[in-house]
Structures are given as C-alpha cells and as structure tokens.
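Each remark here refers to the structure printed beneath this line.
Protein chains: 2
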Amino acid sequence: MEYFSNIKWRAISLTFCIVLSFPHGSSGEIPPKPTGSVTVLPPIKPNDGPQAFPDAEKENLPVFTMDYPRIQIPFEITLWVLLASFAKIGFHVYHKITVWVPESCLLISIGLIVGAIMHSVHEEPPAVLTSNVFFLYMLPPIVLDSGYFMPIRPFFENVGTVLWFAVVGTLWNSIGIGMSLFAICQIEAFGVQDINLQENLLFATIISAVDPVAVLSVFEDVSVNEQLYIVVFGECLFNDAVTVVLYNMFNFVAEMPVVEPVDVFLGVARFFVVGLGGMGFGVLFGFAAAFTTRFTANVREIEPLFIFMYSYLAYLVAELFAISSIMAIVTCALTMKYYVEENVSQRSCTTIRHVIKMLGSISETLIFFFLGVVTITTEHEWNWGYILFTLLFAFVWRGLGVLVLTQIINPFRTIPFNLKDQFGLGYGGLRGAISFALAFTLPDNIGRRQLFITATIAIIIFTVFIQGISIRPLIEFINVRRTNRNLGTINVEVHCRLMEHTIFIFFFFFYFEMQLTAATTNNIWLENIGELHF
Amino acid sequence: MEYFSNIKWRAISLTFCIVLSFPHGSSGEIPPKPTGSVTVLPPIKPNDGPQAFPDAEKENLPVFTMDYPRIQIPFEITLWVLLASFAKIGFHVYHKITVWVPESCLLISIGLIVGAIMHSVHEEPPAVLTSNVFFLYMLPPIVLDSGYFMPIRPFFENVGTVLWFAVVGTLWNSIGIGMSLFAICQIEAFGVQDINLQENLLFATIISAVDPVAVLSVFEDVSVNEQLYIVVFGECLFNDAVTVVLYNMFNFVAEMPVVEPVDVFLGVARFFVVGLGGMGFGVLFGFAAAFTTRFTANVREIEPLFIFMYSYLAYLVAELFAISSIMAIVTCALTMKYYVEENVSQRSCTTIRHVIKMLGSISETLIFFFLGVVTITTEHEWNWGYILFTLLFAFVWRGLGVLVLTQIINPFRTIPFNLKDQFGLGYGGLRGAISFALAFTLPDNIGRRQLFITATIAIIIFTVFIQGISIRPLIEFINVRRTNRNLGTINVEVHCRLMEHTIFIFFFFFYFEMQLTAATTNNIWLENIGELHF
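Chains A and B, in that order, give the protein sequences.
Note that the first sequence covers residues 1 to 534 in full-length UniProt numbering.
Note that the second sequence covers residues 1 to 534 in full-length UniProt numbering.
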C-alpha cells in the first residue's frame, strides 16, 4: 500500500507538472488563445463581470462559457503552491530519501524536471522569480519563521561570535574571493579579462552571502550542538547588513571612474545606518505589536493578523529606506514574541506559530522549486575557468575565514570551537536563493551579467547538493558534538504535561463537586449528567 | 483609563486616516514625486534591486535613500488592513456602541469619513474595489467562513425552505421590482423614460441579492431562533446561483433586439448548470481535500494550506466556467469539513478554524470600509423619484414575497413560520457589497449606469443602517422566538470538558504509575521528578 501510494503520488505529481505547464502564457500575460476543449467565446464588456459574455451577434443565451484570463493570476499561484505542497507530501511518503538527501535538493531536482518539461514545450516560466517578488513576498515569511523560532538564550550567549562571523566573515569572503577572481581574470586563457576589479568584488559579494534558507533546511536534519547551530544560523541572518552595504558600494563604485577615500568612510557609515537602522525599526515595530495586543481582548479572531502585519511592515519600511530588512524583521520577531504570546489567547498563539511555520515552509519550498525551474529556462553563459575557480575560491576562502576568525574569537568564548566545530561552520556555509536573487538584480550595464548569473547558480547547486548531501555523513564520521536538545525536549514536554494533568485533576474534582451541588437544584444538569453514565 | 484609551484610539485612528491619505498616487500608480522630507534620489537600474541607487553624476556614496514605488503595493495593502483592524479594536473598546449599532454601520461610517478626507485632498481611492479584486480576493474568505461554520444539521433540516426562498424568492423580487420600476419609468415627471424593461430587470436583479456579509454581521448580534437564522443565512448563500443566471440573462437580453422563447428555456437550463455545476465542483474539491489530508501526517505544518488551496480552487474554477462560485466554495467547505477535521492534527484544526475566521473577519471589515470610501469618491447621478421608488419597491416586494412564499411552504415545514418569524425574514433581507460590486460590473453601454450605481449604494446604505440598526429593538419588541443556542452550547462545552478531564485523570494515574516504575531504573527520571516536589 505504501509502495503503491508512493507510485501514485509520483504519477500524480508528474501529471500535475505536465498539466501545469500548459496554461502558462508568456511571462504571465494573457495568453492569446486559452487552452481547453470548450468553445471559448471571447469576453465583451464588462471584462470585470462575474461572467464572460458572448458577442451580440450570437443569437442564443450561452449555457457554457469560459473566461480564463480573469482568474489567471490567483489560479496559477494556487496551482503552483499546491504542486509544491504535493511535492513535500511525496518526499515524506518515500521516507528513506529525506534521511540522506535534504529536501532542498529534492525540490531543486523537481524544479529542474518541471523546467525541462516547460522548456521542451516552449513555455515561459511564470514571471514569479523576479527579484521584487522574491524580496517582497517570498523571503519575508522565511526570515520571520527563522526569527520567531530562534532560541533566544543561546543566541544572546553567542551574539558576539555571531556578529563577528556575520560582519568580518562576510567582508573577508567578499574581498578575498573578489581579489582572487580578479587575479584569475588576468590570465588570458580564460577569456574573462574584461571583468574589472569592482565587478569581481560585486560578484564575490553576491556569492559570499551564506543563505539562511539553505542552511536551515540542512541543519535541521543534522542535529549538531547548539553553539554551532546558532552561530551558523545567526550568521546567515545577520550578514544581510554587510551584504546590502557591500552590494550597494560595489555596484555604485563599479559605475564610477574614481573612488575617493570619503566613499570608503561613507561605506562604513552606511553599514552602521543599515545595521542599526534595521534593528531600530525592528524594535520599534516589535514594541508596537506588543502594545497593540494589549487591546485585542475583544477581537480575538484577528489577533494573529497584527503580528503578521507589524512584522511585514517592519520589513517593508526597512526596504523603503534601503536598510537591512532581514535584520528588521528578525529583530521585530525577537522583540515582540514574548509580549505577544502573553497577551493573546491560547488559540491565537497556536495559530500564529502554525501560520508562521506554514508560510515559511511553503515559501522555502517554492523558492527551491523555482530555483530549479529558472535554472533550466535562463540563458546561460558558461566559462569553465571562471566558474571552477569561483567554486574553489568560495570553498577555500570560507574555510580559511572560519579558521582565522575562530582563532581570534575563541579566547573570548566560554565554549571554544574545536576543529570539528570549525569544519561544521565552514562546510555548512551553503549559498542559496538570496545569492540567486541578488544576481538577477545586477544592472544590465555589467557586461558579463549572464556569466555571473550562471556562476551563481553553479555555486548554489554545488553547495546545496554536494555539501548539503555530504554534510550529514561527514559530521557523523568526524563525530562533531551533537545536541542534547531532542532528549531535553522530551523530558520538558513530559513534565509539562504532568503538570497540566495534575492541575486538571484538581480542577476536575473541584468542578465535579460544584456540579453535584448544583445538580440538586437544576434539572437540566441532572438529565445531562445522567447521560454520562457516571 | 478606559475613557482615555478610547480617546487615544480614536485619535490614533483619525491620525492614521489622515496620514494614509497622503501617499496614494492616482489609482495606485507610481506617484510622480514621492512625498516625504528626505532628499529622494531617483532610482536607476536596477529598479528591482534591493536598494535604490543614485545617478552616476553624484560623487559620493549615498548614506540614506528612499524607494517608495517598489514597495508601494504590499505596503498600502498592509496599511489598509492594519487601519481596518484598528477600527475593529476601536469599536470594541467603546463597547456600548456595538450593542446597538452593527459593526457594518460603524465601518461604513469610518469609510465615509476617510473617503471625505481623501476627497478633500483630491486623492484617488486605492484601486482595490474593482470588481475583480472584490470577487476574486475579498469575497471568497467571507463565503468560506460562512460555509465552514454553517451548522450542518439545521441546514439540512431546512434545505427545502432555503432553496425555496433562494430561488423563487429572488426570482419574485427581481421580476417584481423590475416591472414596478419600469412602470414608474413611464411617468414623465421622473425623467427616466430612457430606461427600458430589460435594464430595469437587470438593475432589479442586482438589488434583489440579499447579501451574506451584511446579514451575518447583523444576525450574529441578534439571537433569533435557528430556523429563522438558517433560512436567511442559507438564502443569502444560495441565491447566488439565481443572481448569476438572471444577471447574465438580462445583461445579454438588454443588448439583443429580439428575445426568443428558446432563450428563456436556455435560461432555465443555465440555472441548473450554474447551480448544480457549482455544487458539483464544490463536492469534487471537497473530496479532493478530504483525500489529500489522509497523507499529510508527515507535513503537519502545511496541512491548513490544503484546505485553503482547495476551497479557493473550487471558487476559481467555478468563476472560470461562469457558474456559481459562492455555491462551489460553500459546498466544498461543507463537504470537506468533517473529514478534514478528523484527519489533521489538533493544532492544524485550531489553525484552520482561526485563520478562516480571521480572513473572513478582515475581508468583511475591508469591504464595508471601502464601501464607505467609494461612496464618497464615486460620481453620483441622483434621481429622487427613481431612487425613492427603488427603496419602496425593494421593501414592499421583499415583504410580499416572504408572506406569499411562507404561506406556500409552511404546510411542508415541521416548525411553521409564524408572523413574527416572517417579519424577521423579510426585515432581515439586507443588501450589501455583492450588489455594489455587481453594479460596478454593469457594462458601459447602459446609459444610466451611474444612476444604477447611485441607487444601489442608496439601497445598501438604507438597509444596512436603517434596517440593521432597528432590527434588534424591533425583534425584541415583537418578541420573535429567540434561540436556546447559547445555553445549549455552554452545556455541551461543559460536558465535553468533563469527559476530557475524566480521560486525562485515568491516563494520568496510569502514566504516573508507569513513570514511578521506570524511575527505579532510570536516574534521569528520578532527578526530574524530584524537581516537581511531588
């Protein structure tokens, strides 16, 4: 039955993919001719009407009409989300795979297959992985998920290390990789001499950004010790400030003939604006949310909405002022979490947590899926030398960076990182969709834009597949300190339940006694208690 | 403190309204000049980038930039939703008002105020109450909310009456009002002789549609007996089939010179297609959802998503084929509810219910709010005679219809409707946003389109305010049979909890005993039990 279900699901998923590939017009515009076997009558005024309408020449009232363009956008979004959800179900039905292959790899693979199908029928992918859609709609839920469920105490115990790796580590990687690649560009054999230093630095910034989505999806399956987990996790979230500033700076500088020293100083100033501004907005909106939930006692059904609205506002306002939106939303979530969970009802609390997890999960699924789709459908420019050296340098500089930075930070740590931890830190630095989206936002006046996009995709696929699949066996092999967390959780949960049930017993006896007393004076109670056959 | 909070909230809401009215460009397009006190540098390529960028002429790296157009859409949506939520909080803080004035009236009033503010600063309202946005995004959550929480047993016990009122009642109203208005149009003094019979019938169809949103928001506060509640409620939901067919038919016919008998026959055929097709799709997707949730044991975090996706797909597919989408989504919710709630986890179940309520609540709030805003900002064409007679005929024909139809259906009912129930039925027939949206979808070739829109708004405002506010005192005055529902619910809930706690007790003792046995062999348990000081 299990095997059959598995086949069934794969068949259903594949059929779905094939069916889905049909109704896509070019880049989501209204297709010239909707598909389907029905005689479709073109709609006349009004287009917004609840039904399409025949031409006046047709004599009789139509009994059966179809109007696809009107519902196209929500319909296709719903179908893609449903397809991604089926893929998730499918993976978990075939359980053995998810033990060794991270879900991110599976999703990218499915995306590659779907992309191949769409490419073969000459369909355009849905115009959804534009940078705007990614940064404004797909990334916030994931970051909110990460921020809301971040373990607070381990985070603040390691905040120095986190910021050290996030800021200095990203700088180290960007500049190191950028300059190495520039050195490689000087070699005539590779044919990339037209890429100047600034462009190399810009590209290096894009691929230095360790991606929270990719890292999370791998580290959740591999139970490393909390120190390691929180440092990698925190680094992903907080390197956004540095990435934003460096990207800005190198983009700006790439277009300028002369770089003045004051610009470097302004760059440093901008880093503080971006980082502290992001945190400031996050705290502001976090406190606003906490304050608002004091007054929601009579509107319990919309309580979760405030949490989502305030977090999203923090993100958008940070985007508005071009400061680190990831830091804003993470800080907002961190700030408001405990106040909100005290103020809202139990149901709202459950709903908030579940909806955040749900949105984060489906966003992550869609991102990897579309990563696979767009990989096939984008025009690539391949250059063996540049791309292979990119992979090499990314790997080498990450490793060197972790080694050097750990040596410097270890004396300040209560629990120093041993070599095995450092391996985990270095090897766990996966790149993902943020690099991808940043690559797509490269301005068109950069000559080798396609090469950069191809190289970014290459490094993402490499880290997610090779490092993502191999990290678990390697960590088990070298015996990195594992977490006690799971065991602790069971203990905690058992004792919480014991306490709950104890309290219930007391209330039950108290209550039952009250009812028995009341029952002698109230017929309805007697009738109903009688039903209980107590 | 309470009074101060109330003032504070009103002040905050008003300030918010004023602030919000500023950044609106014309119909949501990119404003030519973003407001704000910062020096805004126009963005250059790439527009999609994570930050805006200065021109190349500027020498130094900008430390502070702003890019509003990029985030405009999600930002404004979020702000409007937040404003609507604050309005809801505000109403409930000032609790006495909501006892006598339904929330719908308050929201329309706030909308009128905001509309007036926007009009005075010559801002366009956000282009959100287009019919497409209303029918595709704002209506489905409300109807899903209604359908998902519809009491099943009372509904099926009254299904005959519901369908009788929904179908025949709506027909009666449409044709009656239409023909009466046509008779009025013949009187020269009113100056509306150019409106022919078909246009009158079309307009009558629009305003005959009793609106679920308006009715629910009033009947929830007034605890009438279930029979009355379920018939009015069911009628609102299921008259959609008739409204769709009639609207189609009269719209089509209004453009045709000759109406053939076969068209009337096709109209009847279309009614069956629309009604049964809607229910068919609903049942199909409902079973698909029920089936899918059998396999979601390993993906608990995205379980609620399936419910929303399938319901929305049922709605969209029905819209695609121009059949009754409201019936589709209600039937889908009815079909899948019990299967789904058995299959999903407890948390998912809570989340689903809460999110449905949340989305329905906020959609309803937004609809009434925008109804108020657009009332001010639309161009009106007033005609005293036509509009007053519209109000009169709507009222009279509704009353007559209820009387006549009840006389016919009462012999078939177990609990016949007495005259007081009939009053509730007739008086509770409020019109709302569905009529409004349908009015906006009238084709432009109808000469008196503006008059129809103005008349529709007039009747909505009249029924929601006059009937909505007066229905509660009138029902109490004439002493309509009230519900026992609330008392029954408390009983049911108490006994459910008694049962739960009983079960917990047994498990607790059993469990505790197991642990004590295990404790002798396991140190960890002893340590932790010791902590409990048991």
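No residue lacks a Cβ here, since even glycine has one placed at the ideal position from N, Cα and C.
Start-to-end residues for the alpha helix (DSSP H) that takes in Gln450 (chain A): Arg449 to Ile461
Status (buried if at least 16 other CB within 10 Å, exposed otherwise) for Arg70 (chain B): buried
Contact set between Met358 (chain A) and chain B, taken where Cβ atoms lie within less than 7 Å: Glu301, Ile302, Pro304 and Leu305
Of the listed residues A:Thr98, A:Ile415 and A:Arg353, nearest to Gln227 (chain A) (C-alpha basis): A:Ile415
Thr406 (chain A), enclosing alpha helix (DSSP H) - first and last residue: Trp384 to Ile409
Span separating the alpha-carbon of Thr296 (chain A) from that of Ile89 (chain B): 6 Å
Whole-angstrom distance between Trp80 (chain A) and Gly360 (chain A), CA atom to CA atom: 16 Å
Sequence-distant residues of its chain with Cβ nearer than 8 Å to Ser233 (chain A) (five each side left out): Inspection of the sequence shows that residue 233 (chain A) is occupied by Phe rather than by Ser. Contacts found: Ser146, Met150, Pro212, Val215, Leu216 and Phe219.
Contact list for the segment 87-106 of chain A against chain B, Cβ threshold 8 Å: Lys88, Ile89, His92, Val93 and His95
Under 8 Å from the C-beta of Ser348 (chain A): neighbouring residues of chain B: His354
Gln268 (chain B) versus Val210 (chain B) - alpha carbon distance: This sequence places Val at residue 268 (chain B); Gln is not what is there. In a straight line, the C-alpha of Val268 (chain B) is about 21 Å away from that of Val210 (chain B).
Chain B within 8 Å of Ser85 (chain A), Cβ atoms only: yes
Residue-level contact to chain A via CB, Tyr339 (chain B), 8 Å cutoff: no
Members of the segment 63-74 of chain A that neighbour chain B once the beta carbon cut-off is set at 9 Å: Val63, Phe64, Thr65, Met66, Asp67, Tyr68, Arg70, Ile71, Ile73 and Pro74
Member of B:Asn200, B:Thr78, B:Gln467 and B:Phe412 whose CA lies at the smallest distance from the CA of Phe182 (chain B): B:Asn200
Interface partners of Leu246 (chain B) on chain A, CB under 9 Å: Here the premise fails: no neighbours, minimum Cβ distance about 11 Å.
Anticipated Cβ contact below 8 Å, Thr375 (chain A) with Ile457 (chain A), distance rounded: 5 Å
Pro50 (chain A) classed as buried or exposed, judged by whether at least 16 other C-beta atoms fall within 10 angstroms: Bear in mind that the predicted position of Pro50 (chain A) carries a pLDDT of just 48, short of 50, making it too unreliable to give a figure here.
For Ile362 (chain A) and Ile302 (chain B), believed in contact at Cβ under 8 Å, the rounded distance: 6 Å
Three-way DSSP call (helix, strand, coil) for Phe182 (chain A) in this model: helix
Touch test, the segment 323-340 of chain B against the segment 107-124 of chain B, Cβ-Cβ under 8 Å, three pairs minimum: no
Integer-rounded CB distance, given that Leu202 (chain B) should sit under 8 Å from Asn251 (chain B): 6 Å
Whole-angstrom distance between Gly286 (chain B) and Cys349 (chain A), CA atom to CA atom: 28 Å
Any C-beta of chain B under 8 Å from that of Thr351 (chain A): yes
Residue nearest to Cys236 (chain B) in terms of C-alpha spacing, selected from B:Lys337, B:Gly429 and B:Ala437: B:Gly429
Leu405 (chain A) beta carbon less than 8 Å from that of Gly169 (chain A): yes
Simplified DSSP assignment, three categories, for Ser324 (chain A): coil
From A:Ala439, A:Gly178 and A:Leu391, residue whose alpha carbon lies closest to that of Ile459 (chain A): A:Leu391
Alpha-carbon to alpha-carbon, Cys332 (chain B) and Leu284 (chain A): 42 Å
DSSP-derived helix/strand/coil call for Ser146 (chain B): helix
Assigned secondary structure, Met514 (chain B) (DSSP; H/G/I helix, E/B strand, else coil): helix
Chain A within 8 Å of Met514 (chain B), Cβ atoms only: no
N-terminal and C-terminal residue of the alpha helix (DSSP H) that Phe281 (chain B) is part of: Pro261 to Thr292
Sequence-distant residues of its chain with Cβ nearer than 7 Å to Thr377 (chain A) (five each side left out): Gly115, Met118, His119 and Pro125
Chain-ordered neighbours of His380 (chain A) on chain B, where CB pairs are closer than 8 Å: Neighbours of His380 (chain A) on chain B: none; closest Cβ ~20 Å, over 8 Å.
Beta-carbon separation (whole angstroms), Ala166 (chain B) vs Asn239 (chain B), contact threshold 8 Å: 4 Å
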